[in-house]
Amino acid sequence: MASKLPRPVIPTFVALLILGGWEWFVRSGRVSEVLFPAPSHVLAWFWESLLSGELLEATWVTMRRLIVGFAIGAALGVPLGALCARVRWVRDTLGVLALGLQTLPSVCWVPLALLWFGIREEAVLFVVVMGTLWAVVLAVQESVLNVPPLYLRAAQTMGSNGWHLWSRVIFPAALPGVLSGMKQGWAFAWRSLMAAEIFVVIIGGFGLGSLLNAGRELLRMDQVMGVMAVVMIVGLLADLIFFSPIEGWLRRSRGLER
Amino acid sequence: MGNRSATSPANAALTLRNVTKRFDGASGRVTALEDITLDVREGEFLAIVGPSGCGKSTLLSLLAGLEHTDEGSIRLGEQPVEAPGRDRLVMFQQDALFPWLNVLENVLFGLRLKPDLTEAERLESARYYLNLVGLGNKEKARPHELSGGMRQRVALARSLAPNPRVLLMDEPFSALDALTREQLYGDIQEIFTKRKKTIVLVTHNIREAVCLGDRVVLFSPNPGRVQQVFDVNLPRPRRMNDPALAALASEVTAALSSHLAK
Ligand SMILES: Nc1ncnc2c1ncn2[C@@H]1O[C@H](COP(=O)(O)OP(=O)(O)O)[C@@H](O)[C@H]1O
Ligand SMILES: [Mg+2]
Chain D
1 MASKLPRPVI PTFVALLILG GWEWFVRSGR VSEVLFPAPS HVLAWFWESL
51 LSGELLEATW VTMRRLIVGF AIGAALGVPL GALCARVRWV RDTLGVLALG
101 LQTLPSVCWV PLALLWFGIR EEAVLFVVVM GTLWAVVLAV QESVLNVPPL
151 YLRAAQTMGS NGWHLWSRVI FPAALPGVLS GMKQGWAFAW RSLMAAEIFV
201 VIIGGFGLGS LLNAGRELLR MDQVMGVMAV VMIVGLLADL IFFSPIEGWL
251 RRSRGLER
Chain P
1 MGNRSATSPA NAALTLRNVT KRFDGASGRV TALEDITLDV REGEFLAIVG
51 PSGCGKSTLL SLLAGLEHTD EGSIRLGEQP VEAPGRDRLV MFQQDALFPW
101 LNVLENVLFG LRLKPDLTEA ERLESARYYL NLVGLGNKEK ARPHELSGGM
151 RQRVALARSL APNPRVLLMD EPFSALDALT REQLYGDIQE IFTKRKKTIV
201 LVTHNIREAV CLGDRVVLFS PNPGRVQQVF DVNLPRPRRM NDPALAALAS
251 EVTAALSSHL AK
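Note that the protein sequences, when read in sequence, are chains D and P.
The first sequence begins at 1 in our numbering and counts up one residue at a time.
The second sequence begins at 1 in our numbering and counts up one residue at a time.
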């Protein structure tokens, strides 16, 4: 009988139950509303800051940084990764360096960025670029190295070489791997950006991370929780709207679906 | 039938003279091919047959220009073979179709690399060859939507469409089931008779070699050498279960076993 219900019914029901319980728990006065706001308080903050434009402004600032930083990181990472795959000694130097730097949590770049760039937009961008770049370099290197040699041989006998071979064979063949590298780079960029925004508050550049930190300073727990929810939703949406459809299309068109 | 001396190079498409190829592998140096001297005549279907590891794929890579000889020379007409070129296209064992392109685009890939054609001529030629292999209605399909036999047909069309002087085939039927294979033998022979191509086929299947080749060159392994050359004077189209074909095939098999027994 349960199988007759549409699939979202049960999760929705459970979510409402949890939120309702939480609301009731806070309202019953057992905890301090300041430290543990009810869902309705968070929702109220959300509505209020949406109307005042504060939330949209902060989201926009954050998205702009994320997109610009990610674009720079990916634009540098793709050719560098290709170079690593193509040239042995670049792989042995830059490739190994990338492997090391990728394991470094990107929040570790923040002190360095502050000293190099000062409390400026560039510092934030730098951290995002560092978060993206190495994951993309490694993914591109790996997927180019894994292109089946048979494709290359077939293309070469048909007269393809140089740029034609790269653009028409190697990159299309490596694309699924490159894309999952981009997705990983995006996730790293998103994390590093939040870290940077919490540490670096720039006049005129008040992003979601800064809003979160401001919530702490003002002891506005509803704001802290609200921003955390927004950060989560933005991350999910990026995946849902951007990466998943491209990945799905790629897999379907090549018959890679399980 | 039996041994035959090399033909005069006058009507030879490919000329191999004392070709030797070695590889330095993990288990030391391997001589894949030793002192191969062979002519492929213009318009001939040459089948090279031998057990696995006797250097068949190596020979084809050398002819394609994907590898280089250590000793000896290979010429196409008067030109030495040094690099891959559109005059020698290769059909591989399997899955060399590009999965990011549909059937028509795969066939167009080689044609688009020929600068002297207009786009309309390329399309016309691609469609002509797709029809020739019986896949005119599949041009929008992706490779993964086709059966193994259909994929090899597309690969055949892709290799034929740029109109190469020589078609090189590296065991293109070995991954297919017997029925599909038999069908493709028919298709290939029909195309060969219609288009008068020079074809070099390598295979480990002796019957297949006898069924398709005007001549069958038997290779022996360790190191890869030409052991014997057989003329096949059977009318086309040939069928695999033709008794005359079976008789010749067992003659080739006997020659191979007597060599391996030594
Ligand atoms: N790239 C290579 N590196 C090292 N050894 C190779 C390489 N290619 C082929 N060989 C060796 O050369 C011999 C002939 O191989 P191959 O031409 O593939 O044989 P066949 O196609 O007849 O099965 C084998 O012993 C094989 O191990
Ligand atoms: Mg082989």
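Think of the CB as a built atom: it goes at the ideal place given N, C-alpha and C, for glycine as much as any other residue.
Residue 257 of chain P versus residue 29 of chain P - alpha carbon distance: 26 Å
Residue 266 of chain P versus P:143, P:178, P:67, residue with shortest Cα-Cα distance: Residue 266 of chain P falls outside the range modelled here, since chain P spans only 1 to 262, and no answer is possible.
Residues, ordered as in the chain, of the region 131-162 of chain D that lie near chain P by beta-carbon distance below 7 Å: 150, 151, 153, 154, 156, 157, 158, 159, 160
Own chain partners of residue 27 of chain D with C-beta closer than 7 Å, once the 5 adjacent residues on each side are dropped: 38
Classification of residue 141 of chain D by the beta-carbon crowding that lies within 10 angstroms, buried from 16 upward: buried
Three-state secondary structure assigned by DSSP to residue 91 of chain D: helix
Residue 210 of chain D CB to nearest heavy atom of ligand 1 below 7 Å: no
The region 189-200 of chain D touching the region 217-224 of chain D, judged by at least three CB pairs closer than 8 Å: no
8 Å Cβ cutoff met for residue 223 of chain D and residue 240 of chain D: no
Burial state of residue 71 of chain P, where buried means 16 or more other Cβ atoms lie within 10 Å: exposed
Coil, strand or helix - residue 142 of chain D by DSSP: helix
Contact test: residue 211 of chain P Cβ vs ligand 1 heavy atom, cutoff 7 Å: no
Residue interval of the beta strand (DSSP E) (run including residue 72 of chain P): 71-76
Interface flag, residue 167 of chain D vs chain P, CB-CB below 8 Å: no
Exposed unless 16 or more other CB atoms sit within 10 angstroms - verdict on residue 100 of chain P: buried
Burial state of residue 8 of chain P (16 or more Cβ within 10 Å): In this prediction, residue 8 of chain P scores a pLDDT of 45, lower than 50, which makes its location untrustworthy; no coordinate-derived value is stated.
At least three beta-carbon pairs within less than 8 Å, the region 35-49 of chain P to the region 127-140 of chain D: no
Test: residue 181 of chain D CB closer than 8 Å to a CB of chain P: no
Whether residue 178 of chain P touches residue 107 of chain P by CB criterion (8 Å): no
Cβ distance (whole Å) where residue 59 of chain P is taken to contact residue 33 of chain P below 8 Å: 6 Å
Residue 110 of chain P vs residue 85 of chain P beta-carbon contact at 8 Å: no
Beta-carbon proximity list for residue 243 of chain D, same chain, < 6 Å, skipping 5 on both sides: 183
Bounding residues of the beta strand (DSSP E) (the contiguous stretch that carries residue 36 of chain P): 28-41
Any non-hydrogen atom of ligand 1 within 7 Å of residue 32 of chain P CB: yes
Euclidean distance between Cα positions of residue 73 of chain P and residue 225 of chain P: 16 Å
C-beta atoms of residue 213 of chain P and residue 45 of chain P nearer than 8 Å: yes
Near ligand 1: residue 140 of chain P beta-carbon under 7 Å from a heavy atom: no
Residue burial classification, residue 139 of chain P (beta-carbon count within 10 angstroms, cutoff 16): buried
Where the beta strand (DSSP E) containing residue 72 of chain D begins and where it ends: Careful: residue 72 of chain D lies outside any beta strand (DSSP E), inside the alpha helix (DSSP H) at 54-86.
Residue 109 of chain P at chain D interface by Cβ criterion, 8 Å: yes
Within 8 Å of chain P by C-beta, residues of the region 242-254 of chain D in sequence order: 253, 254
Buried/exposed call for residue 160 of chain D, threshold 16 Cβ in 10 Å: buried
Entirely enclosed alpha helix (DSSP H) segments - the region 79-128 of chain P, minimum 4 residues: 103-112
Within chain D, the residues that residue 85 of chain P reaches when beta carbons sit closer than 9 Å: 157, 159
Residue environment, residue 97 of chain D, which counts as buried when at least 16 other CB atoms sit within 10 Å: exposed
Proximity to residue 31 of chain P [Cα-Cα], best of P:223, P:112, P:188: P:223
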